[in-house]
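A.B. asks: Residues in the sequence shown are numbered from 9 upward in steps of one, following this note's numbering.
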Amino acid sequence: MTEARITLDGRTLEVAEGDTLLDAARAAGIEIPTLCHDDRLDPFGGCRMCLVDLEGTRRPVPACKTTCADGMVVNCGGERLQRVRRTMVDMLLADHYQDVAVKDNELERYAVEYGVEQPSLRFDRRGAYDDRNRFIGFNPGACILCDRCVRYCDEVMQCTALEHAGQGGNALVQPTQGKSFLDTTCELCGGCVSTCPTGALYEKQATRNGAVTEQECAKTSTICTYCGVGCSLDLNVKDGRVIKVTAETGVGANDGHLCNKGRFAFDFIHHPDRLTEPLLRGDDGELHPASWEEALARVADGLGAVKQQHGPDALAFLASSRCTNEDVYLLQKLARAAAGTNNVHSCAAT
Ligand code: FES
9 MTEARITLDG
19 RTLEVAEGDT
29 LLDAARAAGI
39 EIPTLCHDDR
49 LDPFGGCRMC
59 LVDLEGTRRP
69 VPACKTTCAD
79 GMVVNCGGER
89 LQRVRRTMVD
99 MLLADHYQDV
109 AVKDNELERY
119 AVEYGVEQPS
129 LRFDRRGAYD
139 DRNRFIGFNP
149 GACILCDRCV
159 RYCDEVMQCT
169 ALEHAGQGGN
179 ALVQPTQGKS
189 FLDTTCELCG
199 GCVSTCPTGA
209 LYEKQATRNG
219 AVTEQECAKT
229 STICTYCGVG
239 CSLDLNVKDG
249 RVIKVTAETG
259 VGANDGHLCN
269 KGRFAFDFIH
279 HPDRLTEPLL
289 RGDDGELHPA
299 SWEEALARVA
309 DGLGAVKQQH
319 GPDALAFLAS
329 SRCTNEDVYL
339 LQKLARAAAG
349 TNNVHSCAAT
């Protein structure tokens, strides 16, 4: 429902109640740079990258945090705002320079866009930090204190495993009370990494695997098979190997969120011990590769023998939560129609 009519870069737009200027601009295809903003989080207004000129106000206002009101006249571009944004990038870069593991981050892309090769100032106030957890790396030297990670952990995960501590030149983001992630309420979901715009938080596996830019990877969209929720995710593949798992915001049931298994537990894909073909135990007591026909025949013989000797209810069928709904449906068909038992269950209860 239209609640307000505003003018944005000379265009008259009708906007809904509660829309911010950023929402209105995006809906109209007008690009406004943002750094501390994440659609999944409450507006914050901390980085000032999204400043726009609002007629009748002395200073630019943050588009991400300003709600549209009837009659507003707003300009989102122009030389002055470009200068302001360039200055913001310059100041933010002063905080961001120490061995950044993830080069294709939002801040560095803005640095290129606004032509800031070297920041005018340097702040060296946060030392290296090597957390002992396996998945999430943290380099405070690259942090710009936008608090996206802290807010994600708080608002989305409700874990509060990260905090913004200290003030002024001593301010820093850290796992709560400066502990290891493993000693906080962190669930190692990696959501903080996914929202970090500077690469201060990064995936240890991805950097260990040698791929530091998502652009180097081909993306294959798929559905997570770890449980019945069915989260959408993208496998980032380089040279035939999955380097990392990401999830797009605004897509699927999960809106960019993943649990620790969905995001990090993919090493099994290329593990040398992974079963890639059926194995049958031979008379020598060892497992030997077999065809699917041979393997299924062995299973059918075994189940048939149990049924004949003890009746159908001596059998039970258990489906993994990694099966799809269709797989589980077929399993219960097999149990009921072929084996004659209602002893069938899925650990996902789908
Ligand atoms: S994106 Fe609006 S202030 Fe940071």
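No residue lacks a Cβ here, since even glycine has one placed at the ideal position from N, Cα and C.
With Ile-144 and Val-201 assumed to form a contact (beta carbons below 8 Å), what rounded beta-carbon distance in angstroms separates them?
C.D. replies: Yes, Ile-144 and Val-201 are in contact; Cβ-Cβ is about 6 Å, under 8 Å.
A.B. asks: What's the call for His-265, buried or exposed, on a 16-neighbour Cβ count within 10 Å?
C.D. replies: Counting Cβ neighbours within 10 Å, His-265 comes out buried, since at least 16 surround it.
A.B. asks: Would you mind stating whether Glu-116 and Leu-43 have Cβ atoms separated by less than 9 Å?
C.D. replies: no
A.B. asks: How far does the beta strand (DSSP E) with Lys-252 in it reach, from first residue to last?
C.D. replies: Lys-252 -> beta strand (DSSP E) spans 249-254.
A.B. asks: Cα separation between Thr-358 and Gly-236?
C.D. replies: With a pLDDT of only 42 at Thr-358, under the threshold of 50, the placement of this residue in the model should not be trusted; the figure read from the coordinates follows. Computed Cα separation, rounded: 7 Å.
A.B. asks: Does the beta-carbon of Lys-104, which I'm using as the reference point, lie nearer than 8 Å to any heavy atom of the ligand FES?
C.D. replies: The sequence given here places His at residue 104; Lys does not occur at that position. No.
A.B. asks: Terminal residues of the continuous beta strand (DSSP E) containing Ser-202?
C.D. replies: Looking at the DSSP string, Ser-202 is not in any beta strand (DSSP E); the run it does join, the alpha helix (DSSP H), is 199-203.
A.B. asks: Relative to the C-alpha of Glu-39, which candidate in Gly-64, Val-81, Gln-90, Gly-54 has its C-alpha closest?
C.D. replies: Gln-90
A.B. asks: With burial defined as no fewer than 16 other Cβ atoms inside 10 Å of the residue's Cβ, what is the status of Gln-317: buried or exposed?
C.D. replies: exposed
A.B. asks: For a minimum of 3 consecutive residues, which ranges assigned as the beta strand (DSSP E) are wholly contained in the region 215-302?
C.D. replies: 226-231, 240-246, 249-254, 287-289, 295-297
A.B. asks: Measuring straight from C-alpha to C-alpha, what distance separates Leu-49 and Gly-198?
C.D. replies: One C-alpha to the other measures close to 16 Å.
A.B. asks: Under 6 Å Cβ to Cβ from Ala-343, same chain only, skipping five residues before and after it: list those, please.
C.D. replies: Phe-325, Thr-349, Val-352
A.B. asks: CB-CB under 7 Å to Thr-192, same chain, minus the five flanking residues each way: which ones, in chain order?
C.D. replies: The residues are Ala-169, Pro-183, Thr-184.
A.B. asks: At a cut-off of 8 Å, is Leu-43 close to the ligand FES when judged by its beta-carbon and the heavy atoms of the ligand?
C.D. replies: yes
A.B. asks: Near Leu-295, which residues of its chain fall below 6 Å by C-beta distance, leaving aside the five closest residues on each side in sequence?
C.D. replies: Leu-287, Arg-289
A.B. asks: Is DSSP giving Thr-358 helix, strand or coil here?
C.D. replies: Since pLDDT at Thr-358 reaches only 42, below the 50 mark, its modelled position is unreliable, and no value is offered.
A.B. asks: What residues are listed by DSSP as bridge partners for Tyr-210?
C.D. replies: Gly-145
A.B. asks: Touch check for the region 122-129 and the region 154-172: three-plus C-beta pairs under 8 Å?
C.D. replies: no
A.B. asks: How long is the line joining the alpha carbons of Val-336 and Cys-154, rounded to whole angstroms?
C.D. replies: 45 Å
A.B. asks: Given this structure, state the Cα-to-Cα distance separating Asp-247 from Cys-225, to the nearest angstrom.
C.D. replies: 8 Å
A.B. asks: Looking at Leu-30 and the ligand FES, is the gap between the Cβ and the nearest heavy atom below 8 Å?
C.D. replies: yes
A.B. asks: Please report the Cβ distance between Asn-262 and Ala-255, rounded to the nearest whole angstrom; I am assuming they are in contact, meaning their Cβ atoms lie under 8 Å.
C.D. replies: That belief holds up - the Cβ atoms of Asn-262 and Ala-255 are roughly 6 Å apart, short of 8 Å.
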